[in-house]
Amino acid sequence: MIAALMPNYNRADLAFERGEGAWLWTADGRRFLDFGAGIATSSLGHGHPGLTRAIAEQAARVMHVSNLYRVPQAEKLAQRLVDTTFADSVFFCNSGAEANEGMVKMMRKTMSETGRGERYRFICFEGAFHGRTLGMLAATGNAKYLKGFGPECAGFDHVPFNNLNAVRAAITAETAGIIIEPIQGEGGIRPAQLQFLRDLRATCDEYGLLLGLDEIQCGVGRTGKLFAHQWAGITPDVMSVAKGIGGGFPLGAVLATEAVARHMQPGTHGTTFGGNPLACAAGNAVLDVILEPGFLDGVARKGQRLWDALGAVVREFPDVFEELRGAGLMLGLKCRVPAGDVNNALMAEGMLAVTAGENVVRLVPPLVISEDDIGQGLDMVRRAARRCQPSASKVAAK
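For the sequence shown, this note's numbering begins at 2 and goes up steadily by one.
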């Protein structure tokens, strides 16, 4: 008989009762260091006093009223995002896939409203992940994810990552824009080269295209800047955000310039739950922490410590690891042994991590992780690597 919960997840046999900072406890008292952060979502860790207080206080007042009325919490959060980014206007929704759907609609609407309605296609990249809706499965382009769901939604062309020649060759009279993750998360922690991002911005300007950035996983402080594209010194026309922006509470957003946002008049797009008082109270509480002077510098510093130490681990265990990838607190270990085996070994040592494409294990701890917890985590990685070392006989057979 089928379980009450649909069997579409391959869940680990762990159920967590409570959390504090970067740690989680199961009901039977086992403790785990959380280097997965709910897939790079629990930006402030677990039980953060400011976040939990904001949610509890707002829930006691009013949780939801719909977008038929003004939502002061959303107005405040939008203004703060506008003040700290390229954007002139913000749309709030519930999830990353929904944010990406909104971004695509806004880009197509801009083309239509500026007399270029024939431009509806998007150049996306091999290894991308943009979500699980039918539209975003097509934007992702992964055949495994698309299988069994009928005809693929039209309008998405895929080219190799970090290949400008391929991008330029794919541009046609129907191309509306380019959509890219500055760091591919599900694809295996693959950073876009900073010059490639600059070249994409220049290419969009040259051809009259829109540049859309998917910063759902790499944004909101994860790389040591508020958004990852800032390392390249560029600005997009529109950007999708989710995961860390709510610190674990469901919240997504689309940030856009006025040239894009002005076409989203009443009736063009909407959401029942998006931007409600409770979600935006959470978002404001997250920004209270991330925008505190020195916080992002601390993320960059902790990320550099992990980068240096994990690089040493890769060199120490060359039969287990091939390379280290990423930036800030969004790091990936590309494995020579099955990444699932490494992930299981980490769990056996008391660490939670997340696998990704290209046989990579993701390490994406809460942004508030302490230096002591980082030290314990590095010890766990090293012990897990020892567990995964090929036996002497296997090495000899090679």
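Yeah, the Cβ is synthetic: ideal placement off N, Cα and C, and Gly gets one too.
Counting along the chain, I179 sits inside the beta strand (DSSP E) bounded by residues T176 to I181. Cβ neighbours of I370 within its own chain (closer than 6 angstroms, five residues either side excluded): A23. The beta-carbon distance between M381 and M352, rounded to whole angstroms, is 4 angstroms. This is short enough to meet the 8 angstroms contact definition. Taking a cut-off of 8 angstroms on C-beta distances, the segment 173-184 touches the segment 116-128, as three or more cross pairs fall below it.
Judged by their CB atoms, G304 and A328 are nearer to each other than the 8 angstroms cut-off. With contact defined as three or more Cβ pairs closer than 8 angstroms, the segment 67-77 and the segment 230-248 are not in contact. Residue environment for D35: buried (at least 16 other C-beta atoms within 10 angstroms of its C-beta).
In this structure P278 touches Q59 by the C-beta definition: roughly 6 angstroms separates them, less than 8 angstroms.
V315 is a Cβ neighbour of E324, given a cutoff of 8 angstroms. Taking G103 as the centre and dropping the five residues before and after it, the same chain places the C-beta of F92, C94, V255 and H270 closer than 7 angstroms to its C-beta, in chain order.
Contact check for G186 and Q218: beta-carbon distance about 4 angstroms, within the 8 angstroms limit, so the pair qualifies. For S90, there is no enclosing alpha helix (DSSP H); the residue is found in the beta strand (DSSP E) stretching over S90 to C94.
Contact between L201 and D238 does not hold, since the beta-carbon distance rounds to 11 angstroms and is not under 8 angstroms. Under the three-pair Cβ rule at 8 angstroms, the segment 42-52 does not count as touching the segment 79-90. The C-alpha of V72 lies about 32 angstroms from the C-alpha of P366. Distance from the Cα of L135 is smallest, within the candidate group C154, E127, I124 and G128, for C154.
Boundaries of the alpha helix (DSSP H) around K77: P73 to T85.
The segment 173-226 is shown to contain whole beta strand (DSSP E) runs of 3 or more residues at 176-181 and 211-215, in chain order. For L311, the enclosing alpha helix (DSSP H) begins and ends at F296 to E317.
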